[in-house]
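Please read the structure below before turning to the comments.
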């Protein structure tokens, strides 16, 4: 047997103990489980180290700016951020800036956020609001909501300006699940192709029927890919979140690769980690699943004899939500309610489907610094039953040293988990510079999503710079 064959055989190795699929079968509600939950799609992608200079090199970062970011679909905001004509929301990444706007006819546009006179930003960074036009703050040139030039002072001095040719340039726009995506590349695949198979897998989650109840924007002292990688595997729980091992799977998480742009993590809740060394039973698991104020539950939840913590917690969430949300919760399986089903959409979006953990992540470089990034965390609960859609929560900015636990509306225990995650990142970024070794060595299975992301990135970096890039 040659070394290559041996490595491939080792690549099929899995954590001993119950798999995700074993637990789903034991739940006893397989007829309610979507087909996507009952399938696997792993691929062995090799064993090569991932070079540290991908996270530190200014040249590598510049290649991302010129070749990757302009060619990819990125979610910029939610539809509820711009519900009415004239509403706008500014999205920025690596120096590119876009005004996401609702026009008079209700359509959505993404205009490059720069005046065609002398380049001044039409709207400030991180701004949102409403208006009847886009006016440059420097010389008061004005554009209509559809991007056509409305007025320029002293037009007599610009005989060479053809109004018809001074329409604001646009990026492509796509909408799925209530998210508004933009893409600078006119020749990129459609959003539908980019997301496949996520829309079908997420049909029951009805992300379009959610609203933004919390938005945290956290600065991080690391490369944007370092930040993303921390959320692409469950392997880190034993070292980073030991308090979660009683009631969460980690090394028995399922990982799936679909297309170049979509992969998945499927982690179990309400089971004990194979790495947990203490005593455990169903009641201890249930007690450990409860975050935050237990008094809000109306007393301690109990696991009846012969039942499981998974079933009890799923019923609790259904009972709590049934009369308060528009979603039909009774038809959902146990797994759809409590498990972590997280889809990564290249280059920087994470979409969670579970009813009990309705979060979304997005990661971007902070400006054009390879050593700094921004982590957007959105909480997206289901719409309330019979009421109007709530206004989206305002962005709450956290500096590098500020804790998630200080965010109004953030559960303290959950905030602590995010602090644990982000607390490792500066040490990892600094370690790249300190290391005698040249790259990170990844697990074949548990870290395959990280390798998949880098391989997709390489496909874009092999392309020439896009003409819209600067």
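In UniProt numbering, the protein residues as written are 1 to 470. All C-beta atoms in this analysis are idealised placements derived from N, C-alpha and C, irrespective of residue type, glycine included.
Residue(s) in a DSSP beta bridge with residue 113: Partner(s): none; residue 113 has no beta bridge.
Count the other CB atoms, across all protein chains shown, that sit within 10 Å of the CB of residue 133; report buried if there are 16 or more and exposed otherwise. exposed
By the 10 Å Cβ neighbour count, where 16 or more other Cβ atoms means buried, how is residue 300 classified, buried or exposed? exposed
Taking DSSP as the reference, what is the three-state secondary structure of residue 467? In the displayed model, residue 467 falls within coil according to three-state DSSP, outside both helix and strand.
Please classify residue 93: is it buried, with 16 or more other beta-carbons within 10 angstroms of its beta-carbon, or exposed? The residue is buried, with at least 16 neighbouring Cβ atoms inside 10 Å.
What is the DSSP secondary structure of residue 410, counted as helix, strand or coil? Residue 410 falls in the coil class under three-state DSSP.
When you compare the segment 36–53 with the segment 134–150, are there three or more beta-carbon pairs, one atom per stretch, that lie closer than 8 Å? In short, these stretches do not touch, since the Cβ pair count stays below three.
Cutoff 6 Å; reference residue 295; Cβ partners in own chain excluding five residues on either side: Here residue 295 scores only 49 on pLDDT, less than 50, and its place in the model is too uncertain to base an answer on.
Can you say whether residue 136 is buried or exposed, counting buried as having 16 or more other CB atoms within 10 angstroms of its CB? Answer is buried; the Cβ neighbour count reaches 16.
So what does residue 471 bridge to, in DSSP terms? With the chain running from 1 to 470 in the structure shown, residue 471 is simply not present.
With DSSP as the reference, please indicate the residues paired to residue 183 in a beta bridge. Under the DSSP definition of a beta bridge, residue 183 partners with 172.
Between the alpha carbons of residue 535 and residue 171, how many angstroms are there, rounded? No information on residue 535 is available, as it lies outside the stretch 1 to 470 that the chain covers here.
Of the listed residues 343, 357, 429 and 460, nearest to residue 198 (C-alpha basis): Answer by Cα proximity: 343.
CB contact flag (residue 340, residue 311, <8 Å): Contact flag unset, no.
Whole-number beta carbon distance between residue 50 and residue 498, since they are thought to touch under 8 Å: Given a span of 1 to 470 for the chain in the structure shown, any question on residue 498 remains unanswerable.
What does the alpha-carbon distance come out to for the pair residue 18 and residue 125? 48 Å
Which residues in the same chain have their Cβ closer than 6 Å to the Cβ of residue 471, if we skip the five residues on either side of it in sequence? There is simply no residue 471 to check, as the chain begins at 1 and stops at 470 in what is shown.
Let me make sure I understand the geometry here. Which of 457, 459, 442 and 460 has the alpha-carbon closest to that of residue 46? Checking every option, the nearest Cα to that of residue 46 belongs to 442.
Would residue 77 be called buried (16 or more neighbouring beta carbons within 10 Å of its own) or exposed? buried
Evaluate contact between the segment 237–245 and the segment 383–401, counting only Cβ atoms and requiring at least three cross-stretch pairs below 8 Å. no
Going by DSSP, which residues form a beta bridge with residue 89? 100 and 128
Boundaries of the beta strand (DSSP E) in which residue 361 is found, first to last residue: 359–366
What residue range is occupied by the uninterrupted beta strand (DSSP E) comprising residue 370? 369–379
Assess, as a yes-or-no matter, whether the segment 415–428 is touched by the segment 214–234 under the definition of 3 or more beta carbon pairs within less than 8 Å. yes
Less than 8 Å between the CB atoms is what I'm expecting for residue 152 and residue 161, so what's the real figure, rounded? 7 Å
Closest Cα partner of residue 204 within the set 424, 361 and 355: Taking the Cα of residue 204 as reference, the smallest distance to any Cα among 424, 361 and 355 is reached at 355.
Counting Cβ pairs closer than 8 Å, one from the segment 365–375 and one from the segment 51–71, do we hit at least three? As far as the Cβ criterion goes, the segment 365–375 touches the segment 51–71, which means the pair count is three or higher.
Per DSSP, residue 248 is paired with what? 269
Residues of its chain near residue 163, where Cβ-Cβ distance is below 7 Å and the 5 sequence neighbours each way are ignored: These residues qualify, in order along the chain: 149.
Check whether the Cβ atoms of residue 381 and residue 264 sit closer than 8 Å, and answer yes or no. no
Tell me where the alpha helix (DSSP H) around residue 188 begins and ends. It is not in any alpha helix (DSSP H) - residue 188 carries neither H nor E in the DSSP assignment.
Give every residue of the same chain whose Cβ lies closer than 8 Å to the Cβ of residue 293, excluding the five residues on either side of it in the sequence, and list them in chain order. With a pLDDT of 47 at residue 293, under the threshold of 50, the predicted position of this residue should be treated as unreliable, and no value is reported.
Between the C-alpha atoms of residue 477 and residue 60, what's the straight-line distance to the nearest angstrom? Given a span of 1 to 470 for the chain in the structure shown, any question on residue 477 remains unanswerable.
DSSP-derived helix/strand/coil call for residue 332: coil
Whole-Å CB distance - residue 337 paired with residue 317, under 8 Å assumed: The beta-carbon distance between residue 337 and residue 317, rounded to whole angstroms, is 5 Å. This is short enough to meet the 8 Å contact definition.
On a CA-only basis, which of 33, 180 and 58 is nearest residue 75? Give me that one, please. Taking residue 75 as reference, the option from 33, 180 and 58 with the minimal CA-CA separation is 180.
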